[in-house]
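Novice: The structure's right below; bear with me while I get my questions together.
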Amino acid sequence: MPEDRDKPIVVGAVIYDPKVTIIWGIIRDFFERQRRPIEVVFYSNYGLQVDGLVKRHLEVAWNSPLAWLDAQRRTGGSCRAVAMRDTDRDRRTHLVVRRSSGIRSPADLKGGTVALGAKDSPQATLIPAEMLRASGLDPARDVTVRRFDVLVGLHGDHVGGELDAFKCLERGEVQASAMLDLNWDRWSNDGTINAAEFQVLASTESFDHCNFTVHGDFPAERERSFLQALFAMSYGDPRHREMMDMEGLKAWMPGRTTGYAWLSRAVESQRFWGPQA
Amino acid sequence: MEPEDPRNPTWTLRITAGADGPAHAHARGQRFDVGDAVSFDEVYPHATALEHALAAVGAELVNGLRALARARRLELDAVEALVQGTLEDALAHLGVVGAAGSPALRRVHARLYASSLEPEPVVRELLEQVQARAPLWQTLRRAGVALSAELKVAP
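Here's what the structure looks like:
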């Protein structure tokens, strides 16, 4: 039976700021013009959005990396990541220290304090804690972790936790703080971070960030039309550029799941989902 | 329907909306446009219903101050209000799943600047009287909105 293209695809998105609804309104209008209507349902946190996906209130979820793992965990690994931004690929988290601190490697942080972001932030907490572990430091024993739980439930989408962690480093209360490479670049450029005073001590292995998640049995024709419309967005087209700048990408890419290994290890070793997981 | 009490008249406005664009409000012979209830878009091209409401609160205060000063033959050259309003839960207005709060106004703060040669306590006392007589200000107060006003007087 041919797909009913008039029936909107229901897409979920988490809102960390009401302004985020503006970009989704623009994306919805773009899909409308592509004759692939979508209906966007907003969620206040990723837990509820994954609930919505698992219960099939949603067909497509714009998931954080942690929400992706959660969806996989709750569906027996049957979900698929069908698309992501170019900027979701190969991200890194930096551990930042004062240049004058004398700290030359993560091992030098032993006995010190490290500022991390929200407890559910892959980039600002889970992955950097795993990096410390991989560097031979037990985050529970060898270093003191000072966490900045800003807007827990948003998986670090809100950069407040990372920024508070850095401010804590700036005040000299900790020896290092963790932040996503994109935030290091942005804050170094806009003067939030004085790069003459602070430097990157070490970086994590690369990892991937958000993706559009669907159930394994998402109808092929609906998936094809969704992706066809999505991939029609072109940074070379001035009509699309503003929308893509707002969403922070230059191109949509096929989804891949090879970039979630570090986060997967992190949630396991940190028992993020609890003992029953 | 009860006969109208001439001491307490009712104001009637007609508001129309087409398929797109702002609503058009008609009050007596006046017409003005009102956009969406709320907008989070800096470049949204219409004043929203919430902005109209906050503007109305500010206008009550500045127009009220000016009128009362004139009635008391006090000198008030200019007056300006900066009005800020915050909702209890903006996400509730957007229908976000999991937003459990209310989209009601939580607080309204008005900062007033008056240019006057009168002593500041005199202008402040005027403002208190204006607030006491202002329908919207009193309605919001009764509704439990956190209302506050600060006044700066300069010659």
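These protein sequence lines are chains A and B, in that order. Heads up, the first sequence stops at 279 in the numbering used here, and the numbers go up one at a time, no gaps. Heads up, the second sequence stops at 185 in the numbering used here, and the numbers go up one at a time, no gaps. Where a beta carbon is used, it is the ideal one built from N, C-alpha and C, also for glycine. Note that this is a predicted model, so its numbers are computed, not measured.
Select from the stretch 60-91 of chain B all residues with a C-beta closer than 7 Å to any C-beta belonging to chain A, and list them in chain order.
Specialist: Answer set for the stretch 60-91 of chain B: Phe70 and Asp71.
Novice: Give a yes or no on whether the minimum CB-CB distance between A:Ala279 and chain B is below 9 Å.
Specialist: Caution is warranted here: a pLDDT of 40 is assigned to A:Ala279, below 50, making its placement in the model unreliable, and the coordinate value is therefore given only provisionally. Not one chain B Cβ lies under 9 Å of A:Ala279.
Novice: Got a sec: which bits of the stretch 31-45 of chain A sit with their beta carbon under 7 Å from any beta carbon on chain B, in order along the chain?
Specialist: Taking 7 Å as the Cβ-Cβ cut-off against chain B, the residues of the stretch 31-45 of chain A that qualify are Val43, Phe44 and Tyr45.
Novice: What residue ranges within the stretch 116-169 of chain B form continuous alpha helix (DSSP H) runs of no fewer than 4 residues, ordered along the chain?
Specialist: Within the stretch 116-169 of chain B, the complete alpha helix (DSSP H) runs of at least 4 residues are 120-123 and 150-163.
Novice: Do the stretch 46-60 of chain A and the stretch 117-130 of chain B make contact, defined as three or more Cβ pairs closer than 8 Å?
Specialist: Touching, yes.
Novice: Below 9 Å on C-beta distance, what does B:Leu218 contact in chain A?
Specialist: Given a span of 31 to 185 for chain B in the structure shown, any question on residue 218 of chain B remains unanswerable.
Novice: Given a cut-off of 9 Å, decide if B:Phe70 and A:Pro20 are closer than it, judged by their beta-carbon atoms.
Specialist: A contact, by the Cβ cut-off of 9 Å.
Novice: Per DSSP, A:Gln51 forms a beta bridge with which residues?
Specialist: BP columns for A:Gln51 are empty, so no partner.
Novice: Report all residues from its chain with a CB closer than 7 Å to the CB of B:Leu95; omit the five preceding and five following residues, and keep chain order.
Specialist: For B:Leu95, where only same-chain residues beyond five positions count, the Cβ hits under 7 Å are Leu106, Val109, Ala144, Leu156, Leu157 and Val160.
Novice: Using a C-beta to C-beta distance shorter than 7 Å, which residues of chain B count as neighbours of A:Leu50?
Specialist: Going along chain B in sequence order, the residues near A:Leu50 (Cβ under 7 Å) are Val127 and Gly128.
Novice: Quick one, which residues of the stretch 97-112 of chain B are near chain A if we go by CB-CB under 9 Å, in chain order?
Specialist: Residues: none.
Novice: Examine chain A for any beta-carbon lying closer than 9 Å to the beta-carbon of B:Ala49, and answer yes or no.
Specialist: Answer no: the Cβ-Cβ gap between B:Ala49 and chain A never drops below 9 Å.
Novice: DSSP three-state label for A:Leu139, please.
Specialist: DSSP places A:Leu139 in coil when its eight states are reduced to three.
Novice: Name, in chain order, the residues that DSSP records as bridge partners for B:Glu180.
Specialist: B:Arg141, per the DSSP bridge assignment.
Novice: Relative to the alpha-carbon of A:Asp210, which residue among A:Gly261, A:Arg148, A:Thr146 and A:Ala73 has its alpha-carbon at the smallest distance?
Specialist: The residue with the shortest Cα to Cα distance from A:Asp210 is A:Gly261.
Novice: Please decide whether B:Ala55 counts as near chain A, where near means a Cβ-Cβ distance under 9 Å.
Specialist: No - not a single Cβ of chain A is within 9 Å of the one on B:Ala55.
Novice: For B:Ala25, would you say it is in contact with chain A, using Cβ-to-Cβ distances shorter than 9 Å as the test?
Specialist: Only positions 31 to 185 of chain B appear in this structure, which leaves residue 25 of chain B out of reach.
Novice: Which residue wins for smallest C-alpha separation from B:Leu43, given the options B:Leu170, B:His54, B:Thr116 and B:Ala173?
Specialist: That would be B:His54, whose Cα lies nearest to the Cα of B:Leu43.
Novice: Closest by CA to A:Trp64, which one among A:Ile17, A:Glu270 and A:Ala253?
Specialist: Nearest C-alpha to A:Trp64: A:Ile17.
Novice: Kindly say whether B:Ala164, judged by its beta-carbon, lies nearer than 9 Å to any beta-carbon of chain A.
Specialist: Cβ-Cβ to chain A under 9 Å: no for B:Ala164.
Novice: Assuming A:Thr115 contacts A:Thr95 under a Cβ cut-off of 8 Å, what Cβ separation, rounded to an integer in Å, is found between them?
Specialist: Going by Cβ atoms, the distance from A:Thr115 to A:Thr95 rounds to 17 Å, so no, they are not a contact pair.
Novice: Taking Cβ to Cβ, would you say A:Ala178 is nearer than 9 Å to A:Ala117?
Specialist: Contact: yes.
Novice: Is any beta-carbon of chain B found at less than 9 Å from that of A:Asn185?
Specialist: For A:Asn185, the answer is no, since every Cβ of chain B falls outside 9 Å of its Cβ.
Novice: Using alpha carbons as the reference points, say which of A:Pro108, A:Gly163 and A:Phe168 lies closest to A:Asp144.
Specialist: Here the closest residue by C-alpha is A:Pro108.
Novice: Using the rule of at least 16 other Cβ atoms within 10 Å of the residue's Cβ for burial, across every protein chain shown, is B:Val73 buried or exposed?
Specialist: By the neighbour-count rule (16 or more Cβ atoms within 10 Å), B:Val73 is not buried but exposed.
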